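Here the structure is laid out as C-alpha cells; the discussion comes afterwards.
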Amino acid sequence: MGQRHQAFVIARVRPHSDDPSTPPKYRCIAAFHHQWCYGRLPLHATHRFITQVKQKDNAEIIRSEIAAIQGKFGRWRKKPALPYFPCPFTAFLLATNWSVDLEDPDAPYASGVSFTNAALDADMGSEEGDNNDGISIIDVTNPAEPSYCFVSFKRIENEGVHKPLSAEDYVRAYYPKYTPPAKAESKETEEDTHRRDRLAEEEDVIATIAKLQDVKLIDLGMLAEAWPAEYGVKHRRDTNAETEQLRVADVKVESDASNLPSLTDITIAPAVVHAIQGGETADIEAMIWMPGKASAIKEVLRRQSPYPDLGITLLAKVIEKEMEVDKTQLDLSGIQLSSTQLETLISSMENIDIVDLSHTSTATVDSIRMVLTKFPQLKRLVLIECSSISSDDIRSLLETEPSLFNHLEALVHPFFLGVLNDIADRCPYPNAFSYIGVHGHSLKACSLPFFTLSQVIQALIDALSPLGDRFTSYSFLQTSFVLQAAFSSVRTRGQKWSERKTSIIPQLSLRAFNGEGWAFATNMTLFGGDNNCYGFLRFNPPSPVAINNNEEGSEGMKKSQSSVSPDLTWEIHDLASFIDRVTLDGGKLRPADEAINQLQEILTNIQTTQSSMRLMNDEDVKSFLKGAFISMKHLY
127 MGQRHQAFVI
137 ARVRPHSDDP
147 STPPKYRCIA
157 AFHHQWCYGR
167 LPLHATHRFI
177 TQVKQKDNAE
187 IIRSEIAAIQ
197 GKFGRWRKKP
207 ALPYFPCPFT
217 AFLLATNWSV
227 DLEDPDAPYA
237 SGVSFTNAAL
247 DADMGSEEGD
257 NNDGISIIDV
267 TNPAEPSYCF
277 VSFKRIENEG
287 VHKPLSAEDY
297 VRAYYPKYTP
307 PAKAESKETE
317 EDTHRRDRLA
327 EEEDVIATIA
337 KLQDVKLIDL
347 GMLAEAWPAE
357 YGVKHRRDTN
367 AETEQLRVAD
377 VKVESDASNL
387 PSLTDITIAP
397 AVVHAIQGGE
407 TADIEAMIWM
417 PGKASAIKEV
427 LRRQSPYPDL
437 GITLLAKVIE
447 KEMEVDKTQL
457 DLSGIQLSST
467 QLETLISSME
477 NIDIVDLSHT
487 STATVDSIRM
497 VLTKFPQLKR
507 LVLIECSSIS
517 SDDIRSLLET
527 EPSLFNHLEA
537 LVHPFFLGVL
547 NDIADRCPYP
557 NAFSYIGVHG
567 HSLKACSLPF
577 FTLSQVIQAL
587 IDALSPLGDR
597 FTSYSFLQTS
607 FVLQAAFSSV
617 RTRGQKWSER
627 KTSIIPQLSL
637 RAFNGEGWAF
647 ATNMTLFGGD
657 NNCYGFLRFN
667 PPSPVAINNN
677 EEGSEGMKKS
687 QSSVSPDLTW
697 EIHDLASFID
707 RVTLDGGKLR
717 PADEAINQLQ
727 EILTNIQTTQ
737 SSMRLMNDED
747 VKSFLKGAFI
757 SMKHLY
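One gets the numbering used here by counting positions in the sequence shown from 1 and adding 126 to each.
This is the structure we're talking about:
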C-alpha cells in the first residue's frame, strides 16, 4: 500500500583507477525510499533538501564526504564496490528532509519510520526500487549550486525511455493546468464550489513549481554517467558527437583551470615564503589590509608544512583582518600548526564561538582540549579530515572530561557522522541527553553525546509542539525521523527550520538506563490514554528492574529504589527542576526564559489535549521501564 517514490543524490566522483588523472564521473552517493510521495510532495521534499544542502555548514560536510571517496571505488556496479552508505551525512540529510518539515508550526509534516528502515543501497539502479510514482534526483557536486530532475516510470508517457523532467513536467501529470470556465449563473452552485477549489489548487501548484524555478535541471548525460545501463542508450541516441565533445571539453577546461595558479598567487607566494624565511614580514603584513590580499596570503600559509615559527605573527595579522567581519569565528583550517604554535596563537583571543581546525594533520586530541579550555563557551568545533584525531580519542575525552563540552553545540568529526544503528547498545558514544519514548508498542530513542540546555529545549519544542493536535499526533509518534531531525540540529531562537545546521547523526541509545546522562522519557499511546506521561529522568546504575519502595525527594523530584540493588536510584524532574539541576550541578548556561516558557506551554497543552498526560510518578517509571524493555524489539 502506498504511492512509493525513491530519491537519489548524485555527484561527480573520480572512479578507482591506477591513473590519478582519470576524470570524475557522475554516480549515486545516497538513496532513500519514501512510501507515500507523489504529486506536489516530491517537489516540496526536493526543495527542502536543496535548501539544507546550500546551508554553509552543511555544505562543508557534504564536500568533505565527496572528497573522501574520490578515487576509491569503481563506477556503478564495478569493483571496488561502493559501500551501502558512502556518504552517511548526505544520506541522513536526504532522509530527514524528505520525511520532516517543521517550517510552519501550523502545518507540520512527518512521515516514514526511521532512517535505517528506509535508506537504500547507493549502488542500486535508479529504476530498481519498489516504485509507483517516479524518482527524484539531486546533484550536490557543488552544494552551493545543486541541480535536480524527476523521472517518471509509469505516469508520464516518454516513449518507453526514462528522461529528466522539470518540476512542472512532473507535477502537471497529476495536476493539469486549470482554466476556469465562465460563470453562467449568479446563484451559487456546486460547480462554483468546485471551481474555487480547483483555482486554489492551481495557485498552490504554481507556487510549488516556483520553489524550484531557479534551480538548474539535471541533463540526460549526467544520468547516463551515473546509471549507464539505464540511460546510456537514450543519451547516445539523442546526443550528437559534436554536443558530446563540447560537454567533455567544458569539463576539461574547468578541471584544467582549477589547477592553474592565479597571477596573484604567482606574485605573492614567493614574497610570503621569502619574508617568513628571513623573519622580516612587516612588508607582507602591510599588504594584508589591501583588498583580497589577506585571503591570498592565507592560502600561501596553508601550504607551509611544517608551519614555521617565524610565520605566527603574520598568521595572527591575517586572522585579525578576517575578524573584522566576524570576531567570533577563528578559521585555522589547513594550517599545520603544532600544539605550541596553536597555544601561542590563541593565547590573547577571547569570546570565540567557532573554531575550524579542518584539514590539519597536526591537530591532536590535545588541540581539542586546548581549544575547549581556552574558549569554554565555544559553540562549534570543526575537525574534518584531521588524521591525527581518532574516534577513540574523542570518545575517551567525552568519557573522562565531559565538562569540557558543557557549552558546545556541535563537534564536526566523522565519529559523530556515522550511520545510525538500530540496536541501542551499539551507540559508540556515552549518553549526555536522550529522548526515550514508548510510543504505542514501539520504542523511539535518540541520544546526544553532549548538549546545551538551549539546544535541547529547542529540539523538544520542535519535536513535541505537533502533539497538541490529535490529527498530527499519530504520524509524529510513529516515526523516529522527527526526533532524529530535531536533535541533530542547531537552530537559534527565531531562525527558520529550513536554515538549521545539522551537525550529528544522533544514535539510538538506552544508556541513560545505566546512569549515563539525562533522558526525557515519554509513555504515549498513539491515540491518547490514561497512561500518557513524561518526565526528565536521571538513573543511577545498575539497569533498573524489579523496582519498588517509593521515597519523596525535593520539590519537583522523586526518588525510587530497587529491590535488586539498594544502590539503585532514579530522579524524576519536571522542566523547572531539570533546568535548575543542570545549571547548578552541571555548570551549563541557563536558556532564555522565552524558550523555557514556550516548552512549558507545549507540555501543558499536551496534558490538556492528550488524555491524562501528566508528569511521571514512581509507578509511571516502573510502567515506562517495563514498556521500554518489551518494546526494544520494535526500536526504530
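C-beta: ideal position from N, C-alpha, C; glycine also.
The structure presented is a predicted model; accordingly, all values stated were derived computationally and were not measured.
Item                                                                                                         : Value
Cβ pair F241, Q610 closer than 9 Å                                                                           : yes
Start-end ranges of the beta strand (DSSP E) lying completely within the stretch 563-643, minimum 3 residues : 568-574
Pair within 9 Å by beta-carbon distance, A86 and P209                                                        : Because residue 86 is not part of the residues shown, which for the chain are 127 to 762, the question remains open.
Element boundaries [beta strand (DSSP E), containing R664]                                                   : C659 to F665
S273 - partner residues in DSSP beta bridges                                                                 : D265 and K342
N- and C-terminal bounds of the alpha helix (DSSP H) containing T177                                         : L167 to V179
Near the ligand ADP: V508 beta-carbon under 8 Å from a heavy atom                                            : The ligand ADP is not part of this structure, which contains no ligands at all.
Limits of the alpha helix (DSSP H) - the one that A221 falls within                                          : P214 to S225
Burial state of S473, where buried means 16 or more other Cβ atoms lie within 10 Å                           : exposed
Start and end residues, alpha helix (DSSP H) containing E525                                                 : S517 to T526
Environment of M650 [buried if 16+ CB atoms lie within 10 Å]                                                 : buried
With 16 other Cβ atoms within 10 Å as the buried cut-off, status of A92                                      : The question about residue 92 has no answer, for the chain in this structure spans 127 to 762.
Where the alpha helix (DSSP H) containing R189 begins and where it ends                                      : K182 to A194
Same chain, Cβ closer than 8 Å to T454, five either side skipped, listed in chain order                      : N477, I478, D479 and I480
Closest residue to T177 among P575, T490 and S624 (Cα-Cα distance)                                           : S624
Which listed residue (L167, A270, S262 and V616) has its alpha carbon closest to that of D227                : L167
Secondary structure of N649, DSSP reduced to three states                                                    : strand
Beta-carbon separation (whole angstroms), L463 vs L471, contact threshold 8 Å                                : 7 Å
Inter-residue CB distance, V266 and V135 (contact presumed, cutoff 8 Å)                                      : 6 Å
Distance CB(Q608)-CB(G753) smaller than 9 Å                                                                  : One detail in the question is off: residue 608 reads as Val in this sequence, not Gln. Going by C-beta atoms, V608 is not nearer than 9 Å to G753.
Candidates V398, G405 and I335: closest to I414 by CA position                                               : V398
Alpha-carbon to alpha-carbon, R174 and T334                                                                  : 12 Å
Cβ separation of P269 and A185, assumed to be a contact under 8 Å, to the nearest whole Å                    : 4 Å
Limits of the beta strand (DSSP E) - the one that R153 falls within                                          : K151 to H160
Among E448, H320 and L590, nearest to P417 - alpha-carbon criterion                                          : E448
Where Y301 falls: helix, strand or coil (DSSP)                                                               : coil
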